[in-house]
Each structure stands twice: as C-alpha cells, then as structure tokens.
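Chains as they are written, first to last, in the working numbering: chain A, 98 to 680; chain B, 13 to 485.
Virtual Cβ for every residue (Gly too), placed ideally from N, Cα, C.
Written out below as structure tokens is the structure these notes cover.
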Amino acid sequence: MTEFKLPELGENVHQGDLVRLMISPGTTVAEGQAVMELETDKAVVEVPSSVSGTVKDVLVKLGEKIKVGQVIFTVENGAGGKRVEARAPSAPTAKSEPKPATTAPKTAPSEANPVQSASPKATTPAPIVPSESSEVSEFKLPELGENIHQGDLVRLMISPGAQVSEGQPVMELETDKAVVEVPSSLSGIVKDVLVSQGEQIKVGQLIFTLEPGATSQTHTQQPSRAEESHDHARMAFQAAIQSEGKTEEQALPPDQPPAAAVATFSMPLHLDRAAGAENRGPVPAAPHVRRLARELGIDIHNVPGNGPGGRISEADVKMYAKSVIVAVASGTGPGATHLKQPALPDFGKWGKIERVSMRGVRRKTAEHMWEAWSAIPHVTQQDKADITELEQLRTKFGPKAAEAGGKMTVTAIALKVCASALKIFPQFNASIDMEKEEIVYKQFINIGVAVDTDRGLLVPVIRDVEKKNIVELAAELTGLSKKARDKKLSPADMEGGTFTITNLGGIGGTGFSPIVNYPEVAILGLSRSSMEPVWMNGKFEARMVLPLSLSYDHRLIDGADAARFLRWIAEAFEQPFLLSVQG
Amino acid sequence: MTEALQQNIAVVGGGPGGYAAAFLAADLGMKVTLIDREQNPGGVCLYRGCIPSKALLHVAKLIGESRHANNWGIEFGDPRIDVARLRSFKEGVVNKLTGGLGQIAKARKVQYIRGDASFENSNTVRIAKNAGGEDSLTFDRIILATGSRPAVVPSLKLDSQRMLDSTSALDLKDVPDTLLVIGGGYIGLELGTVYAALGSKVSVVEMTGGLLPGADRDLVLPLYKQLEKVFDAILLNTTVTAVKEEASGIRVCFDGKDVKEREKVFDKVLVSVGRKPNSEIPGLDRTQVRVGERGFIQVNKHLQTDDPAIYAIGDVVGEPMLAHKASHEGRTAAEHIAGHKVAFEPNAIPAVVFTDPEIAWTGLTETQAEKDGREIKVAKFPWAASGRAMTVDRTEGLTKLILDPGTERVLGVGIVGAGAGELIAEGTLAIEMAALAKDIALTIHPHPTLSETVMQSAEVFFGTSTDLYRPRR
Numbered sequence: 098m099t100e101f102k103l104p105e106l107g108e109n110v111h112q113g114d115l116v117r118l119m120i121s122p123g124t125t126v127a128e129g130q131a132v133m134e135l136e137t138d139k140a141v142v143e144v145p146s147s148v149s150g151t152v153k154d155v156l157v158k159l160g161e162k163i164k165v166g167q168v169i170f171t172v173e174n175g176a177g178g179k180r181v182e183a184r185a186p187s188a189p190t191a192k193s194e195p196k197p198a199t200t201a202p203k204t205a206p207s208e209a210n211p212v213q214s215a216s217p218k219a220t221t222p223a224p225i226v227p228s229e230s231s232e233v234s235e236f237k238l239p240e241l242g243e244n245i246h247q248g249d250l251v252r253l254m255i256s257p258g259a260q261v262s263e264g265q266p267v268m269e270l271e272t273d274k275a276v277v278e279v280p281s282s283l284s285g286i287v288k289d290v291l292v293s294q295g296e297q298i299k300v301g302q303l304i305f306t307l308e309p310g311a312t313s314q315t316h317t318q319q320p321s322r323a324e325e326s327h328d329h330a331r332m333a334f335q336a337a338i339q340s341e342g343k344t345e346e347q348a349l350p351p352d353q354p355p356a357a358a359v360a361t362f363s364m365p366l367h368l369d370r371a372a373g374a375e376n377r378g379p380v381p382a383a384p385h386v387r388r389l390a391r392e393l394g395i396d397i398h399n400v401p402g403n404g405p406g407g408r409i410s411e412a413d414v415k416m417y418a419k420s421v422i423v424a425v426a427s428g429t430g431p432g433a434t435h436l437k438q439p440a441l442p443d444f445g446k447w448g449k450i451e452r453v454s455m456r457g458v459r460r461k462t463a464e465h466m467w468e469a470w471s472a473i474p475h476v477t478q479q480d481k482a483d484i485t486e487l488e489q490l491r492t493k494f495g496p497k498a499a500e501a502g503g504k505m506t507v508t509a510i511a512l513k514v515c516a517s518a519l520k521i522f523p524q525f526n527a528s529i530d531m532e533k534e535e536i537v538y539k540q541f542i543n544i545g546v547a548v549d550t551d552r553g554l555l556v557p558v559i560r561d562v563e564k565k566n567i568v569e570l571a572a573e574l575t576g577l578s579k580k581a582r583d584k585k586l587s588p589a590d591m592e593g594g595t596f597t598i599t600n601l602g603g604i605g606g607t608g609f610s611p612i613v614n615y616p617e618v619a620i621l622g623l624s625r626s627s628m629e630p631v632w633m634n635g636k637f638e639a640r641m642v643l644p645l646s647l648s649y650d651h652r653l654i655d656g657a658d659a660a661r662f663l664r665w666i667a668e669a670f671e672q673p674f675l676l677s678v679q680g
Numbered sequence: 013m014t015e016a017l018q019q020n021i022a023v024v025g026g027g028p029g030g031y032a033a034a035f036l037a038a039d040l041g042m043k044v045t046l047i048d049r050e051q052n053p054g055g056v057c058l059y060r061g062c063i064p065s066k067a068l069l070h071v072a073k074l075i076g077e078s079r080h081a082n083n084w085g086i087e088f089g090d091p092r093i094d095v096a097r098l099r100s101f102k103e104g105v106v107n108k109l110t111g112g113l114g115q116i117a118k119a120r121k122v123q124y125i126r127g128d129a130s131f132e133n134s135n136t137v138r139i140a141k142n143a144g145g146e147d148s149l150t151f152d153r154i155i156l157a158t159g160s161r162p163a164v165v166p167s168l169k170l171d172s173q174r175m176l177d178s179t180s181a182l183d184l185k186d187v188p189d190t191l192l193v194i195g196g197g198y199i200g201l202e203l204g205t206v207y208a209a210l211g212s213k214v215s216v217v218e219m220t221g222g223l224l225p226g227a228d229r230d231l232v233l234p235l236y237k238q239l240e241k242v243f244d245a246i247l248l249n250t251t252v253t254a255v256k257e258e259a260s261g262i263r264v265c266f267d268g269k270d271v272k273e274r275e276k277v278f279d280k281v282l283v284s285v286g287r288k289p290n291s292e293i294p295g296l297d298r299t300q301v302r303v304g305e306r307g308f309i310q311v312n313k314h315l316q317t318d319d320p321a322i323y324a325i326g327d328v329v330g331e332p333m334l335a336h337k338a339s340h341e342g343r344t345a346a347e348h349i350a351g352h353k354v355a356f357e358p359n360a361i362p363a364v365v366f367t368d369p370e371i372a373w374t375g376l377t378e379t380q381a382e383k384d385g386r387e388i389k390v391a392k393f394p395w396a397a398s399g400r401a402m403t404v405d406r407t408e409g410l411t412k413l414i415l416d417p418g419t420e421r422v423l424g425v426g427i428v429g430a431g432a433g434e435l436i437a438e439g440t441l442a443i444e445m446a447a448l449a450k451d452i453a454l455t456i457h458p459h460p461t462l463s464e465t466v467m468q469s470a471e472v473f474f475g476t477s478t479d480l481y482r483p484r485r
C-alpha cells in the first residue's frame with residue numbers, strides 16, 4: 098500500500114483548502130493524473146498524483162484545510178510513492194483543462210516561491226545553449242560614447258570566414274572625435290559582413306553576423322552576455338582608445354582622398370568612391386523609387402526599407418524625407434546640414450570644380466555649428482581687460498608652470514578666472530531644457546578649450562577647473578592641446594563641458610563673435626592683447642589690454658548679467674588678487 | 013521653357029545611344045543637332061550589328077528547325093539558298109528601320125548633319141560634312157556617342173578579301189565552303205551560326221578554355237553541345253599565331269596545348285576578338301575630357317565627362333557594349349542636361365547571345381558572385397521538366413535564379429534555351445523591382461510556356477516545384 102501525501106506546493110505555501118476532490122475509494126489513478134484542486138492564498142492549483150494504483154482510502158474531505166505532507170489517500174498495487182516530492186514542482190503544469198490550473202503556474206511559482214523562481218533563471222541558460230549556439234549571432238556597433246552616433250569605417254579587419262574572438266579588434270572607425278578600434282564582443286566565425294570600407298556606420302547598425310566557431314565555449318554565457326555586451330563593448334572601446342591612440346596614426350588622413358588613385362581613375366568616378374558609394378549592392382528599390390529619392394536629394398542607401406527583404410517603397414522614401422525634415426526643423430539629426438540648405442547652382446557651368454566628401458571632424462563641426470547657430474539666440478558682449486600687472490605675474494610664475502610641464506598662458510589663467518566667475522554667476526554654467534521648461538544648473542565646472550588642429554577644431558575639456566590651481570591647469574592644458582594635435586584625444590576627453598574658452602590671440606584680431614558650444618550657454622573669446630593708451634591717474638599710460646568677447650544664450654542670460662559677468666572677468670584679469678578674495 | 017533659356021545641344025554619333033539621347037533631348041525642349049556619317053540614324057546596331065545579324069540568325073534558325081523536323085517525321089529537302097535575296101531581305105529590314113529613324117528625327121525637329129565631328133574647344137564642334145565643306149557650330153552641351161568598332165589584332169592583320177570582320181561578314185557577299193571564326197565570343201558564335209546554317213563548314217578558335225568567357229558555364233554547356241554538332245570544330249585553348257593568304261585561301265597557324273593540326277587553310281577567316289571604343293575624336297585634347305584605360309572616355313554616374321560641357325554615353329564609355337545600355341545612358345544624359353536629378357544606376361543590364369539555343373542573363377552571375385566572394389543561393393529548373401520545352405523538342409535548356417541567401421531577393425537570372433532572350437526581361441524586372449523568390453513563385457505564369465520555367469525555378473528554391481521533385485532544403 099502506498100500513501101499519497103500533499104507535496105510541496107511552493108515556498109511559503111504550507112497549506113490549502115480542498116475545493117474539489119476528483120477521486121473516491123476504488124478509483125484508478127495514474128501518475129500525473131489530477132486528483133484534487135487546492136485553494137492556497139495565492140491561487141487555485143490542481144494537484145496531480147505522484148502514484149498509480151487503485152484508491153483504497155481517502156483521508157481528506159472537501160473544504161478541509163490540508164497541510165503539506167498530510168496523507169491524502171492510499172492506493173493498492175501502487176507505485177511511485179517515494180517520488181512524491183520530486184514531482185511536486187511540476188504539479189500545476191501536468192494538466193490544463195480546469196481554469197485554476199492554468200493560472201496557477203503563472204502566479205504560484207513566481208510570487209509564492211522566490212527560490213523556485215530564482216532557480217529556473219539560474220538553470221534556463223543551460224537548455225538554451227544548444228539552440229543559441231546553432232544560431233547565427235549578430236554584432237552591432239556598440240555605444241561608443243556620449244554624442245557619438247556614427248563613424249566612418251576606415252579599415253575593416255575581418256571578412257567572411259574569419260575567426261573572431263571576443264575583444265579582438267574588427268574595424269577602425271573614424272568618429273568626429275577620434276579614430277578608434279572597435280573590438281568584437283562575440284566569438285565565432287564571421288558569416289556575412291554587412292558594411293564596407295568608407296561607409297558611414299551608425300550605433301546599433303549590424304556590422305557582421307557570426308556562426309558559432311571552434312571557440313564556442315563563450316556561447317555558454319551568451320544569454321546573460323547579451324545584456325552586458327553593450328557595456329562590455331563600450332568598456333573595451335574606451336580601453337582601446339585610451340591605448341595611446343595608436344590607431345589614429347594608421348588611419349587615413351581625413352578630408353583627403355588617396356592621392357595615388359587620382360592619376361589612374363577618372364576624377365568624378367573617384368570622388369564617388371571618396372563619398373563611400375562604391376561596393377554597395379543593388380539597392381532593393383524599384384527604379385521609380387530610386388528616382389524619387391534622387392529627386393529629393395536623398396541617398397537611397399540610407400532609407401530603411403519596410404518591405405519584404407528590406408524593399409524600399411515610395412512611402413518609405415517619403416517617410417524618411419519627412420523624418421529628415423523634422424530633424425532639421427528641430428535642429429537635430431544627421432540631415433540637419435543637408436536639407437534645409439537651398440539648392441546649389443551648377444558650379445561646373447563656370448569652371449572646373451572638385452567635390453570632396455566631408456568627413457570626420459569637418460562634418461561634425463558643420464553639423465554642430467549649424468545646430469548651435471539655429472537653436473541659440475546669440476548675443477556677443479565685448480569688453481577689455483588691462484592685463485599689464487597680470488603679464489608681470491605671468492612672466493614671474495612662468496618657470497613654475499614649466500616645472501610642472503605646462504606653459505603659463507593667458508588661456509591657462511583665463512581658465513581659473515572663468516571658473517571663479519562661473520561660481521559666482523551659476524546661470525553661465527547651466528543648460529536649458531526647453532522641452533521640460535527647466536534650467537539645468539551644473540554643480541561642476543568643466544571648461545572646454547578650443548584647439549586648432551590640422552584636422553579641424555577640437556574642444557578638449559578640463560574637468561573640475563575650480564579645484565585646480567593655475568599651475569596645474571597650465572600643465573593639463575598643455576597636455577591636452579598636445580594630445581589634440583597628436584590625434585590622441587579620446588571621446589571622453591571632449592565630453593562634459595559646461596563652458597568654453599576660445600583664444601584666437603595667437604593669430605591676431607581685435608574681437609570676434611564666437612558661437613556658443615551647445616548645449617552650453619556661454620563662450621568666452623580672447624583676442625590678441627596689445628599695448629594701448631589707457632587714461633589713468635590723470636594721463637594716458639601705455640597698458641597691455643586684452644579684448645574679451647562673450648557670446649551667450651539670450652534665452653537664459655540677460656544682457657545686464659552678461660555685462661556683469663564679463664566685467665567681473667575683466668576685473669579678475671586686472672586684479673588677480675580678486676581671485677583669492679572672491680573666487 | 014522660354015526661348016532664351018533653350019539649350020542647344022549636339023549629339024555626336026547616331027547609334028541607339030545617340031539617337032535615344034537626341035530624341036529625348038528634343039522632347040525635353042532642347043534644340044538638338046545629331047551628327048553621323050550614315051544617311052540616317054541607326055549606327056552600328058542597325059546598319060552593321062544587332063539588326064542585320066538577327067535577320068540572318070532568324071533564317072539560320074529556320075534552316076536548323078527544318079533539319080530538326082526529321083525527328084518528328086517531317087522531311088524537307090536541302091534548302092536552296094539565294095544569297096542575293098537573303099541579303100536584300102536583310103537590307104530591307106535595315107533600310108526600313110533607319111529610314112524610320114530619319115523620319116522621326118525630322119518630326120522631332122532634330123537637325124541631322126551627315127559628317128565627321130572634331131572639337132575646336134569644349135563647346136565648339138567642327139563638322140566635315142559628307143556633302144563637302146565644313147561647319148563650325150557652338151553648343152551648350154555635347155553628348156559623345158561615338159560607339160565602338162571591331163578590334164584588330166596586329167598579328168591577324170592581313171589585307172585580303174578573305175579576311176572578314178563582323179561588318180563584312182554581315183555583308184554576306186557569298187557563303188564560303190570553310191570559315192574560321194577567331195574568337196569564341198558572342199559575335200563570333202552568332203555569325204558562325206549564320207554561316208554554318210547557310211552551308212559553310214565553320215571552325216571556331218578561342219584562346220581561353222571555354223566559349224563565351226565570363227558567362228556561367230552551366231549556361232554555356234547546352235550551347236556548346238549544340239555547336240559541336242553544327243560546327244566543324246571548336247578549338248579551345250588555342251591561339252592563332254599567323255595568317256597567310258594563299259591561292260586556295262588563308263593558311264592559319266595554331267598554337268596551344270590541345271592543338272592537333274598546326275596549320276589549316278580556310279576559304280575565309282572572320283576575326284571577332286572584341287570591340288574597341290571610338291574615343292580618338294580629333295580635338296578631344298582641346299577639352300577636359302579624359303580617356304582612361306582601354307580607351308574608354310571617363311564619365312561619372314550622370315554620364316558627364318571631366319569637361320562640364322561634354323557628356324559621353326554608350327560603347328565609348330565602357331562595358332557592357334550593348335545597345336540597350338547605350339540608349340538608357342543616352343536618355344539619362346539628356347535628362348541630366350535638362351536639369352533632372354538622374355543617374356545611370358541600373359540594378360541589372362540584360363545580355364543576350366542570339367545563338368541557337370540562346371543564352372541570356374541579367375544582374376549577378378554565378379561567375380561574378382564567385383569572383384566577388386559573395387554568398388548566393390542558386391535555384392535551377394532544367395527544361396527537361398518543362399512541358400512546353402518538350403512540345404518543341406528543345407529540352408536542353410535551363411533557367412536559374414541567383415538569390416540573396418538572407419533576403420531571398422532575386423539578384424540575377426540566367427537562361428539558356430530556345431527564346432531565352434525573350435524570357436530574360438522578366439528577370440530584369442524582378443531585379444529592378446527587388447522581387448523575392450517568393451514573389452516569382454506566387455506570380456501566375458501562363459501554361460504551357462517557357463516563361464513558366466522562371467516561376468518553376470523559384471519553386472525549386474522552396475523545394476515545392478510541381479513539376480520537379482527535389483528533396484526540401
């Protein structure tokens with residue numbers, strides 16, 4: 098004789114009310130057959146038998162409270178009684194017809210039994226592995242850094258059939274900030290490569306597909322890795338770009354088509370190549386759709402196709418055009434510089450022209466300036482600072498800065514001056530969130546310094562300026578400028594600025610209107626200081642005067658505030674003592 | 013468009029590219045001058061190429077079929093061939109077509125000048141008129157559509173009536189007893205087929221290891237088998253080292269690993285070793301036009317040369333040297349001059365070899381995919397399973413689709429078999445419209461036709477062809 102006891106129903110479920118009994122003495126039960134319904138405080142569950150045989154005695158009654166382990170019935174000629182507990186967890190799923198039973202598996206294990214619900218999570222990856230490893234996995238361009246959405250593929254290091262392991266660099270991407278090696282986050286054998294050299298690649302774009310290769314042990318971790326892969330790739334990326342920017346030097350110089358090819362190929366053909374238009378397969382769009390795209394000035398290859406096999410319809414082209422226009426109107430999006438501009442005349446009518454693809458820093462600068470100029474109502478406030486005394490100090494403390502590896506420049510001093518000013522005038526260290534109608538005050542002072550490099554304008558950022566002294570700032574600025582010119586800046590070096598300084602004094606000029614570095618709200622321009630006659634102590638004296646130009650976002654900053662802010666800066670230059678008193 | 017803004021353009025060369033450009037330019041409101049040596053527009057294609065060769069090939073096919081009819085219990089006697097009347101049939105076709113084009117040019121108010129053009133500068137053309145005298149005319153834009161001519165190999169250069177090129181072969185002066193065709197490309201095979209049908213013993217010599225280099229081998233094979241029967245000999249991997257005229261004909265010396273007979277005498281020798289672009293236009297150096305490798309004029313995708321005033325289209329800008337490519341380019345150039353945003357960016361250009369059986373392909377070929385290392389899937393439907401092919405007793409054909417393995421999109425179509433040239437158009441449309449294999453399989457094709465084989469090959473891809481059992485993929 099075998100006893101059937103109420104099996105474990107789940108963590109914290111110790112008992113239930115018997116709401117339905119499906120057996121009586123003499124009934125033949127088989128293993129897995131539902132024998133009763135129990136109402137716990139979580140759900141109504143069907144309890145299947147773990148034994149087989151003919152029911153002899155039923156020891157419970159309808160409506161009775163039954164505890165786990167309590168004997169329910171006994172069977173003759175039975176078997177399997179010992180397996181009661183082992184089979185219990187599968188109880189609710191054994192049968193499916195009554196309603197309570199179907200709800201039970203959903204609620205009972207997950208809510209009532211954390212241990213059980215945790216354990217499937219821990220074990221499910223194992224059964225998934227076989228299917229996972231027989232499937233093709235995809236490598237998409239991971240997040241590369243803040244505000245980096247795309248890059249030009251300057252070097253592809255893989256081809257179909259190549260073995261790739263995790264962390265191995267697979268391509269070099271020229272972003273507007275740096276050239277970086279992108280490592281794979283997956284291992285396996287490359288199946289299809291979906292990008293080609295010269296192409297512009299966006300974050301999230303499919304780069305290649307992988308078949309599980311010989312090194313498939315990494316696949317056992319894949320389910321959990323899927324979530325991590327982005328972070329992982331990003332970290333690997335950051336590590337890669339910090340490794341002394343070696344890749345930057347290997348990369349093609351931007352804005353410069355390979356000169357050797359010009360001689361042998363026709364120029365127009367060649368320029369098409371420079372624009373990355375070569376080696377693209379036939380686009381899945383009907384001829385009239387391609388024509389429409391051409392007429393709208395859209396590169397059909399950029400239009401996402403919603404039809405079968407990625408087929409691009411007329412509607413897809415129009416939708417894309419609309420999205421570009423919307424992006425332009427709101428001052429964002431990659432097309433911002435392209436569509437709003439009125440059509441160009443045919444310059445070829447007046448003589449020979451050359452078209453060169455706008456890449457990297459130049460393209461980013463164009464987009465960014467357009468955004469800033471379109472979004473910000475600019476005003477530029479001019480002032481002058483008498484830096485005669487400061488110049489003496491600068492010469493005096495020059496060697497100290499040199500000792501620390503820096504150069505005591507006016508820009509270095511301006512960093513300190515501005516940091517102090519920003520503490521006193523926090524609205525200059527802020528951003529506007531028009532969408533939420535809020536002002537974002539930043540409680541850190543990171544100042545970007547515009548650096549003129551042969552690749553174009555770069556703005557490395559010096560962090561926590563208010564916490565550093567002038568000698569430290571001079572050293573850091575010298576280091577960053579060198580890094581910028583040596584093409585070794587990482588994207589992280591150019592992120593997070595709250596204010597910008599641009600110094601054109603080394604070249605000349607008496608004043609200019611800098612463009613605010615969006616989403617910042619102000620920028621200070623320095624021009625060339627010169628000796629000027631200044632009326633003081635009842636006569637004209639020859640003084641060294643530094644012209645200052647402050648452009649600001651008039652949405653947030655009023656003219657009077659700007660005048661005060663700039664005056665404070667001018668006075669700080671004039672009386673460095675002010676820094677130690679107020680700054 | 014106001015009169016003041018009306019563009020004045022010249023098209024140099026009246027072939028299918030040139031007259032298509034000229035006519036569309038006129039339709040778009042431009043003032044057009046078309047310059048060509050011939051009496052009417054038409055060019056090589058109409059006068060000395062596609063059209064006359066097709067008239068003759070039609071006759072060859074008829075002769076072939078009349079012999080084939082023996083298999084079905086119908087016997088014709090040997091054909092009696094009146095070469096003069098055949099020639100005048102061919103010339104009648106040519107004259108009708110070219111004369112028609114002349115009238116269309118007039119109707120469109122295209123000024124047609126017979127003569128040779130040379131450049132004085134980027135915008136000025138000097139025309140040495142056939143009728144005598146010279147004109148110097150200035151244009152806003154000039155389209156070069158000067159075409160190509162048969163290539164000449166120095167070692168095969170021999171001034172003799174017995175040496176033919178495609179032009180003189182089409183003149184059909186007589187039917188030689190023996191003819192050697194040098195070059196196993198489409199021109200040599202088409203003309204060889206004509207002469208073989210008319211009674212010549214034709215031998216073909218090809219330098220490479222197969223006929224129609226570049227075409228997929230599975231498409232060439234059925235043709236090869238047929239030509240083996242029709243031709244006297246097909247000499248592959250063989251080069252001609254010398255030709256010498258003798259009293260009885262041309263003595264030809266062969267070299268190559270498979271050569272058995274080192275020398276042989278032929279009544280006539282047809283040299284068809286390719287075509288050369290006509291880019292040696294006098295005065296072109298006074299413009300900024302650049303001529304690149306192999307003599308092709310360099311153009312961008314708008315068919316514009318490096319000289320902003322000058323466009324170029326057709327054979328003179330590159331392969332494939334096909335009339336339908338030229339006319340599409342011509343129309344693109346005309347539209348671009350009119351200020352439309354157009355580009356020559358076809359997804360597929362069909363090619364047809366009008367032999368018997370015909371071979372046709374469009375878009376990507378297997379050969380090209382292999383060269384590019386591109387992964388493809390191929391679905392083939394052999395005509396042995398086609399009811400229609402059986403009824404015409406031509407089951408040697410094959411239809412295949414070249415598909416993208418991921419999207420199952422049709423990237424290329426290849427067909428060999430009777431009438432393949434007419435069937436390929438559907439393939440080109442499928443590629444241009446980005447059709448998937450499923451689209452073709454689900455499109456009802458008329459029964460019983462050979463066009464069904466296109467649908468059936470798509471069904472084969474899915475392993476569900478009604479007429480051909482293949483285990484599922």
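Residues within the region 439 to 459 of chain B neighbouring chain A, beta-carbon criterion of under 9 Å: Residues of the region 439 to 459 of chain B with a Cβ closer than 9 Å to any Cβ of chain A, in chain order: ILE443, GLU444, MET445, ALA446, ALA447, LEU448, LYS450 and ASP451.
In terms of DSSP beta bridges, what is HIS475(A) paired with? ASP650(A)
Extent of the continuous alpha helix (DSSP H) run through ASP384(B): Looking at the DSSP string, the run of the alpha helix (DSSP H) that includes ASP384(B) is 378 to 384.
Could you tell me the distance, in whole angstroms, from the CA atom of VAL281(B) to the CA atom of GLY144(B)? 36 Å
Beta-carbon proximity of ILE395(A) to GLY402(A), cut-off 8 Å: no
Taking 8 Å as the cut-off, decide whether the C-beta atoms of LEU484(A) and PHE637(A) are in contact. The sequence shown places Ile at residue 484(A), not Leu. PHE637(A) sits away from ILE484(A), with the two beta carbons spaced by 8 Å or more.
Is it buried or exposed for ILE163(A), if we count other Cβ within 10 angstroms and need 16 for buried? buried
Express the C-alpha separation of GLY197(B) and ASP171(B) in angstroms, rounding to a whole number. 23 Å
Between the beta-carbon of MET219(B) and the beta-carbon of THR250(B), is there less than 8 Å? Taking 8 Å as the cut-off, the Cβ atoms of MET219(B) and THR250(B) count as close.
Starting from the Cα of LYS585(A), find the closest Cα among LYS565(A), VAL556(A), ILE598(A) and ASN566(A) and give me that residue. VAL556(A)
Confirm, please, whether the CB-CB distance from LEU448(B) to VAL422(B) is below 8 Å. yes
Can you tell me the Cβ-Cβ gap for ALA338(B) and GLY26(B), rounded? I've got them flagged as a contact below 8 Å. Not quite, the Cβ-Cβ distance comes to about 11 Å (not below 8 Å), so this is no contact.
Measuring CB atoms only, is the region 586 to 593 of chain A touching the region 550 to 565 of chain A, in the sense that at least three cross pairs come out at less than 8 Å? yes
Residue environment, GLN297(A), which counts as buried when at least 16 other CB atoms sit within 10 Å: buried
Taking 8 Å as the CB-CB limit, is ALA432(B) close to chain A? no
Any Cβ of chain A within less than 8 Å of the Cβ of ALA391(B)? no
Work out the CA separation of PRO294(B) and THR136(B) for me, nearest whole Å. 12 Å
Among GLU240(B), PRO53(B), PRO458(B) and ILE47(B), the one whose alpha carbon lies nearest that of ILE154(B): ILE47(B)
Within the 8 Å Cβ cut-off, does GLY385(B) reach chain A? yes
Could you have a look at ILE443(B) and say whether DSSP puts it in helix, strand or coil? helix
Count the other C-beta atoms from every protein chain shown that fall within 10 angstroms of the C-beta of PRO523(A), then say buried if there are 16 or more, exposed otherwise. exposed
I'd like to know if the region 323 to 331 of chain B and the region 391 to 400 of chain B are in contact, where contact means that at least 3 CB-CB pairs between them fall below 8 Å. Touching, no.
Anything in the region 341 to 375 of chain B with a Cβ closer than 9 Å to a Cβ of chain A? List those residues in chain order, please. Listed by position along the chain: GLY351, HIS352, LYS353, VAL354, ALA355, GLU357, PRO358, ASN359, ALA360 and GLY375.
Under 8 Å, with one C-beta from each stretch per pair, do the region 99 to 113 of chain B and the region 49 to 68 of chain B reach the 3-pair mark? In this structure the region 99 to 113 of chain B lies against the region 49 to 68 of chain B, because at least three pairs of beta carbons, one per stretch, are closer than 8 Å.
Output, in sequence order along the chain, the residues in the region 410 to 424 of chain B whose CB is closer than 8 Å to any CB in chain A. Residues ASP416, GLY418, THR419, GLU420, ARG421 and LEU423.
One or two residues paired with ASP128(B) in a DSSP bridge: ALA140(B)
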